[in-house]
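**Student:**
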Amino acid sequence: MLAEVHRRRVPLGLPLTLRRAREGSAETFVLSDQAGGVLVDGRVALLVSPAEHGALRPDGNGAGHPLPISRACFACGTDNELGLRARLAFDADTVRATWQPRAPFRRADGSLAPAALTTLLDEAAFWLGALATGESGMTTELRVALHHPAPYEALVTVTGARAAVRPRNDDARYQDTEIVARAGDQIVATARITFVVVRGAARRLVSGMLGMNDPECVRRVFPAYTR
């Protein structure tokens, strides 16, 4: 089980410090800047009870509408040689993706690297939050449970129900999401991820996306910024 809390945005081009520690069978980590300010803290532990996520199920809807892509994004970027190059879609019920693993994500034992699953789950959460709010944003809390190793050869499907997205009572900028990843017919990972709106981010994101996506594709998600 991986749990992260993002305290502040992580700056680019500045040295960062990563501290690790052990608490029993769990590993903890803290990412901080030069001044000692905590940017991200997290915990990795064995998954004790997969049953706690038993209510999460993909629904197997059809193709739906494609979601926008970008050039540099690690999840969907067309020009990112190290990335997944995933393509996501949505309809009235779900956000989802079917992804064929790429060679950089094959581990020595023939399984899929967990980083790929975490990225797919997080990307689905982003679009769930964007569709719910009409705004761009970022992940502020991420909890991923890895249930089984995913074989590298298997197609990975990721699904998040739009009806399960919940704004927080004290601050509607925060949207709590639930997502499932399957390899073949087996659930290999589930996640509970919080998306938070970042004011002004959608306008910048849309200006780049309009240069490489059909305008209607972008308009479906960010209607206020594509009139």
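Take 4 as the starting number for the sequence shown in the working numbering and just add one per residue.
Backbone N, C-alpha and C fix where the C-beta goes; we use that ideal spot for every residue, glycine too.
Which parts of the region 87-166 are runs of the beta strand (DSSP E), unbroken and 3 residues or longer, counting only runs that do not cross its ends?
**Tutor:** Counting whole runs of 3 or more residues, the region 87-166 contains the beta strand (DSSP E) stretches 91-93, 97-102, 140-149 and 159-164.
**Student:** Span of the alpha helix (DSSP H) holding Arg206?
**Tutor:** Stepping through the sequence shown from its first residue, residue 206 is reached at position 203. From DSSP, the alpha helix (DSSP H) with Arg206 extends over Ala204 to Met212.
**Student:** Assuming Ala186 and Val159 are in contact, meaning their beta carbons sit under 8 angstroms apart, how far apart are those beta carbons, in whole angstroms?
**Tutor:** Within the sequence shown, the letter at position 183 stands for residue 186. Within the sequence shown, the letter at position 156 stands for residue 159. Between Val159 and Ala186 the Cβ distance is about 6 angstroms, and since that is below 8 angstroms, they are a contact.
**Student:** Taking 8 angstroms as the threshold (C-beta atoms), are Arg88 and Thr81 in contact?
**Tutor:** To locate residue 81, count along the sequence shown from 1; it is residue 78. To locate residue 88, count along the sequence shown from 1; it is residue 85. Cβ atoms of Thr81 and Arg88: closer than 8 angstroms.
**Student:** Give the C-beta separation of Thr136 and Val200 to the nearest angstrom, bearing in mind that I take them to be a contact with Cβ-Cβ under 8 angstroms.
**Tutor:** As a working note, residue 136 is residue 133 in the sequence shown. As a working note, residue 200 is residue 197 in the sequence shown. Between Val200 and Thr136 the Cβ distance is about 5 angstroms, and since that is below 8 angstroms, they are a contact.
**Student:** Quick one, are the C-beta atoms of Leu124 and Trp102 less than 8 angstroms apart?
**Tutor:** By one-based count along the sequence shown, residue 124 stands at place 121. By one-based count along the sequence shown, residue 102 stands at place 99. No; because the gap between Cβ atoms is not below 8 angstroms, this pair is not in contact.
**Student:** Determine the DSSP secondary structure at Arg222, reduced to helix, strand or coil.
**Tutor:** Here residue 222 refers to the residue found at position 219 of the sequence shown. DSSP places Arg222 in helix when its eight states are reduced to three.
**Student:** Does the pairing of the region 209-216 with the region 168-178 give three or more beta-carbon distances under 8 angstroms?
**Tutor:** Result no; under three Cβ-Cβ pairs closer than 8 angstroms.
**Student:** Go ahead and label Leu21 buried or exposed: buried means 16 or more other beta carbons lie within 10 angstroms of its beta carbon, across all protein chains shown.
**Tutor:** Within the sequence shown, numbered from 1, the residue matching residue 21 stands at position 18. Leu21 comes out exposed.
**Student:** When we look at the beta-carbon of Ala128 and count the other beta-carbons within 10 Å, is it buried (16 or more) or exposed?
**Tutor:** Here residue 128 is taken as the residue at index 125 of the sequence shown, counted from 1. By the 10 Å Cβ count, Ala128 comes out buried.
**Student:** Output needed for Val168: all residues of its chain with C-beta closer than 6 angstroms, excluding positions within five of it in sequence on either side, in chain order.
**Tutor:** Taking the first residue of the sequence shown as position 1, residue 168 is located at position 165. Excluding residues within five positions, the ones whose Cβ falls inside 6 angstroms are Leu131, Ala135, Gln178 and Thr180.
**Student:** Give me, in chain order, the residues of the same chain whose beta-carbon lies closer than 8 angstroms to that of Val13; leave out the 5 immediate sequence neighbours on both sides.
**Tutor:** Taking the sequence shown and counting its residues from 1, one reaches residue 13 at position 10. Leu19, Leu34, Leu42 and Val43, listed in sequence order.
**Student:** Between the alpha carbons of Asp316 and Pro170, how many angstroms are there, rounded?
**Tutor:** Beyond the ends of the chain as shown, which are 4 and 230, falls residue 316; an answer cannot be given.
**Student:** When DSSP labels each residue in this structure, what does Ala227 get in the three-state scheme?
**Tutor:** Here residue 227 refers to the residue found at position 224 of the sequence shown. Here Ala227 sits in helix by DSSP.
**Student:** By DSSP, does Asp267 sit in helix, in strand, or in coil?
**Tutor:** A query on residue 267 cannot be resolved here, the shown segment of the chain reaching from 4 to 230 and no further.
**Student:** Keeping to the same chain, check which residues put their C-beta closer than 6 angstroms to that of Glu126; ignore five residues upstream and five downstream.
**Tutor:** Mapped onto the sequence shown, residue 126 falls at position 123. Correct list, in chain order: Ala78.
**Student:** State the Cα-Cα distance for the pair Val47 and Thr31, rounded to the nearest angstrom.
**Tutor:** Here the question's residue 47 lines up with position 44 in the sequence shown. Here the question's residue 31 lines up with position 28 in the sequence shown. Taking the straight line from one Cα to the other gives about 6 angstroms.
**Student:** In the DSSP assignment, what residue or residues form a beta bridge with Glu26?
**Tutor:** Your numbering for residue 26 matches position 23 in the sequence shown. DSSP output for Glu26 lists Ala29 as bridge partner(s).
**Student:** Measuring alpha carbon to alpha carbon, tell me which of Gly203, His150, Ile182 and His68 ends up nearest Gln189.
**Tutor:** Along the sequence shown, one-based indexing puts residue 189 at 186. Per the Cα distances, His150.
**Student:** Can you check DSSP and say which residues form a bridge with Glu181?
**Tutor:** Locating residue 181 in the sequence shown gives position 178, counting from the first residue. In DSSP, Glu181 forms a bridge with Arg195.
**Student:** Distance, Cα to Cα, Val191 vs Ser114?
**Tutor:** As a position in the sequence shown, residue 191 is number 188, starting the count at 1. As a position in the sequence shown, residue 114 is number 111, starting the count at 1. Rounded to the nearest angstrom, the two C-alpha atoms are 11 angstroms apart.
**Student:** Going by the DSSP bridge assignment, what does Ile190 pair with across the sheet?
**Tutor:** Position 187 of the sequence shown, counted from the start, is the residue given in the question as residue 190. Partner(s): Arg185.
**Student:** Note down the Cα distance separating Pro154 from Gly86, rounded to an integer number of angstroms.
**Tutor:** Locating residue 154 in the sequence shown gives position 151, where the first residue counts as 1. Locating residue 86 in the sequence shown gives position 83, where the first residue counts as 1. Cα to Cα, Pro154 sits roughly 19 angstroms from Gly86.
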